[in-house]
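Protein chains: 2
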Amino acid sequence: MMLTDRQLLILQVIIDDFIRSAQPVGSRSLSKKEDIPFSSATIRNEMYDLEEMGLLEKTHTSSGRVPSEKGYRFYVDHLLSPQALKKKDMSQIQSIFADRILEIENVVQRSAEILSQMTNYTSIVLGPDHHENKVKSVQIIPLNLESAIAIIVTDTGHVENKRFTIPPGLNPEDIERMVKILNDKLTGTPLVELQDKMYKEVALFLKRHIANYDLMIEAFAQIMNIPVHDKLFFGGKMNMMNQPEFNDVDKLRMLMDVIDREDYLYPLIKETSGSGIQIRIGKENNNEALKDVSLITASFPVIGGQSGSLAILGPTRMEYSRVISLLNVISMDLSKALSTFYDQDDK
Amino acid sequence: MMLTDRQLLILQVIIDDFIRSAQPVGSRSLSKKEDIPFSSATIRNEMYDLEEMGLLEKTHTSSGRVPSEKGYRFYVDHLLSPQALKKKDMSQIQSIFADRILEIENVVQRSAEILSQMTNYTSIVLGPDHHENKVKSVQIIPLNLESAIAIIVTDTGHVENKRFTIPPGLNPEDIERMVKILNDKLTGTPLVELQDKMYKEVALFLKRHIANYDLMIEAFAQIMNIPVHDKLFFGGKMNMMNQPEFNDVDKLRMLMDVIDREDYLYPLIKETSGSGIQIRIGKENNNEALKDVSLITASFPVIGGQSGSLAILGPTRMEYSRVISLLNVISMDLSKALSTFYDQDDK
DNA sequence: TTTAGCACTCGTGATTAGTGAGTGCTAACA
DNA sequence: TGTTAGCACTCACTAATCACGAGTGCTAAA
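Top line first, the protein sequences correspond to chains G and X. The first sequence begins at 1203 in my numbering and counts up by one. The second sequence begins at 1203 in my numbering and counts up by one.
Laid out in structure tokens, this is it:
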């Protein structure tokens, strides 16, 4: 598909205009613009050709033109020039990452919020997979005779805790011994391998030292059954209400259902990990409810070969350029910020 | 205000009907009902009177009648007979509380979900205030030379954790000693008093045993600065989209804004703690955005004098009877379920 | 190749008329 | 005296019509 320079210009201006106004763009209004020195008739001819190529559409026979999905695709592939962020935006971003925050979740959540607030779209952030994180310490805190809290701390500072019922016949000394064994055996084990290791290696050891070891193993293995999905962090879940394309409650509901049932979104976001910026427009999302939105995802690597991703969900009529710039900046900052949690592992 | 039996009947039927259909109720459709043996003309006369009393309204001169806020208020105060839940509902509730769940948060979250799912309204649950919970154990897990995780476990099994920077010059032995001191001094202290006690009692002690104790105190006091607001748990946040009164995106947005900014809702919910079931209809919520909704709150006591509350937010045209029954049942179950966490404290 | 001009299309908003569900009032009835 | 049948009236809602204007496609002239 070869476009003349003039066609490129017109396409670009139409899409930019539509992104701003959400209104079909007519030839006359275009011809009035400064950077368009052609008459409306000329523009009409070009529009006709662009429509034939499938880059533009009409909402009805005598309406102005609207970008098609293919048009957006062409736009992001060929017409998007990297655009520097405004100073105001930059300084706003700086300010989040300025104060050294100490919890991963906190950084991630705040990134999601700032991202949605700056774009007016919905943002989704997936922290680095913590299944690979290694156990730093295991603690058991008895609450009373029957139950206790098991706590697992990872090398990244993530804390998992779960309450469990103490098997009968186990005395405090048993528990103390157990904690010692667990720490000896499990420190350094990645979370994914925890359950396996528990049954295979630790079980034997416990058998020798602890009464009722099998019940205890059972209880503890439960605890180590850490959820498969990492948690998605959202910002501006409601922002899509502000988009004119979702002025209809039914449409809104369909979209919200998908957003809330995170399992649809999860693979779309997860998949991106490690491959730069990815843009999915409308039907490319392979989901009926997402056919009028675009999802832009960016992955950010953290030290140690892992990565997380952040995403913006907006109408197909999205400010691609700005969103991409923002994602680029924030993913880099996030990389840096989170890497400080990881790079201290090995000390 | 005295109503005849017939007026009571008619008012009741009108409100019941409107709650079901969301449509203004006309005299003719009423007169066709089995339990209404009067002609439409008679009903019209009664309606006229009920309107004069401010219990009914018209949407326009020749429309059917709609309950006014005052009408709903009368309805819940005088016409609501406690209604037994359907077996299906009961068994569904049983099933959540059947399997003994071990985390407070889990129970609370699941209650919120079941409540919203059964009513199709939005539910909000506030767990028992954990500021009064007492420290059971304090742990410090060093992650590397610079940072460590502080963990506080309460007697109810609640775990707070926070990362902090280790003041320079502190060695592992110092930390170990510090943990010992903290446990000695703080076990049994309610969370609210923690910060105070830290500065007043523990500081002196640490001074004697730990290098750089002042930095450490500073760092640790930070950690103990536990958020003032307890967390609200929501179920069915989006359910209001299904109500015809929020078919308009602007209305929906106003409502959602208030729901999301929890600080408006918090006092409304919190306030109820300890005073049975409370119903706020429309403007009684004292909030412009909540003028078309009703909030029904129920508090549930847990052993030890504390209490939490659960609430249902729905349109003023809410199934009051059903919601009240559900809240009654679930709040009792919740009382029981959560009390098991608390009553084992003292053993 | 570009553009001015013109006929044509179609969404939008205002206006009108018809329909039906509802009311209030009056007069007759039990 | 309370109840009801009957009737005129109101008003939201829908469909139909119209004028308007922003837009198009096509043709012919520059």
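Glycine included, each C-beta is placed from N, C-alpha and C at the ideal position.
Residue i: first and last residue of the uninterrupted alpha helix (DSSP H) it sits in
i: residue 1469 (chain G); result: 1464-1472
i: residue 1329 (chain X); result: Element bounds for residue 1329 (chain X): n/a, residue is neither H nor E.
i: residue 1379 (chain G); result: 1374-1388
i: residue 1542 (chain G); result: 1522-1544
i: residue 1296 (chain X); result: 1289-1300
i: residue 1420 (chain G); result: 1415-1425
Chain X within 8 Å of residue i, Cβ atoms only
i: residue 1359 (chain G); result: yes
i: residue 1536 (chain G); result: no
i: residue 1355 (chain G); result: yes
i: residue 1338 (chain G); result: yes
i: residue 1451 (chain G); result: yes
i: residue 1368 (chain G); result: no
i: residue 1351 (chain G); result: yes
i: residue 1311 (chain G); result: no
For residue j and residue i, the rounded distance between their alpha carbons
i: residue 1493 (chain X); j: residue 1241 (chain G); result: 54 Å
i: residue 1369 (chain X); j: residue 1287 (chain X); result: 59 Å
i: residue 1416 (chain X); j: residue 1299 (chain G); result: 27 Å
i: residue 1226 (chain X); j: residue 1480 (chain X); result: 27 Å
i: residue 1313 (chain G); j: residue 1461 (chain G); result: 18 Å
i: residue 1247 (chain X); j: residue 1254 (chain X); result: 11 Å
i: residue 1284 (chain G); j: residue 1491 (chain G); result: 30 Å
i: residue 1509 (chain X); j: residue 1390 (chain X); result: 20 Å
i: residue 1530 (chain X); j: residue 1500 (chain X); result: 7 Å
i: residue 1468 (chain G); j: residue 1372 (chain X); result: 43 Å
i: residue 1205 (chain X); j: residue 1523 (chain X); result: 21 Å
i: residue 1435 (chain X); j: residue 1234 (chain G); result: 54 Å
i: residue 1232 (chain X); j: residue 1526 (chain X); result: 26 Å
i: residue 1443 (chain G); j: residue 1406 (chain G); result: 57 Å
i: residue 1464 (chain X); j: residue 1337 (chain G); result: 36 Å
i: residue 1424 (chain G); j: residue 1296 (chain G); result: 42 Å
i: residue 1249 (chain X); j: residue 1487 (chain X); result: 28 Å
i: residue 1419 (chain G); j: residue 1349 (chain G); result: 15 Å
i: residue 1410 (chain X); j: residue 1380 (chain X); result: 11 Å
i: residue 1542 (chain X); j: residue 1426 (chain X); result: 26 Å
i: residue 1429 (chain G); j: residue 1449 (chain X); result: 37 Å
i: residue 1439 (chain X); j: residue 1374 (chain G); result: 44 Å
Residues near residue i in its chain [Cβ-Cβ closer than 7 Å; skip 5 each side]
i: residue 1445 (chain G); result: 1517
i: residue 1403 (chain G); result: 1387
i: residue 1544 (chain X); result: 1358, 1504, 1505 and 1506
i: residue 1270 (chain X); result: 1256, 1257, 1258 and 1259
Spatial neighbours of residue i in its chain, beta-carbon cut-off 8 Å, leaving aside the 5 residues before and after
i: residue 1211 (chain X); result: 1237 and 1238
i: residue 1521 (chain X); result: 1221 and 1321
i: residue 1453 (chain G); result: 1447 and 1494
i: residue 1289 (chain X); result: none
C-beta atoms of residue i and residue j nearer than 8 Å
i: residue 1495 (chain X); j: residue 1540 (chain X); result: no
i: residue 1228 (chain X); j: residue 1273 (chain X); result: no
i: residue 1383 (chain X); j: residue 1344 (chain X); result: no
i: residue 1353 (chain G); j: residue 1363 (chain G); result: yes
i: residue 1513 (chain G); j: residue 1536 (chain G); result: no
i: residue 1329 (chain G); j: residue 1306 (chain G); result: yes
i: residue 1317 (chain X); j: residue 1483 (chain X); result: no
i: residue 1351 (chain X); j: residue 1365 (chain X); result: yes
i: residue 1451 (chain G); j: residue 1451 (chain X); result: yes
i: residue 1408 (chain X); j: residue 1333 (chain X); result: no
i: residue 1432 (chain X); j: residue 1331 (chain X); result: yes
Boundaries (first-last residue) of the beta strand (DSSP E) holding residue i
i: residue 1513 (chain X); result: 1508-1517
Closer than 8 Å to chain G by CB, residue i
i: residue 1463 (chain X); result: no
i: residue 1454 (chain X); result: yes
i: residue 1365 (chain X); result: yes
i: residue 1383 (chain X); result: no
i: residue 1315 (chain X); result: no
i: residue 1236 (chain X); result: no
i: residue 1418 (chain X); result: no
i: residue 1305 (chain X); result: yes
i: residue 1345 (chain X); result: yes
i: residue 1216 (chain X); result: no
i: residue 1320 (chain X); result: no
i: residue 1442 (chain X); result: no
6 Å CB neighbourhood of residue i in its chain, flanking five on each side removed
i: residue 1281 (chain X); result: 1214
i: residue 1361 (chain X); result: 1355
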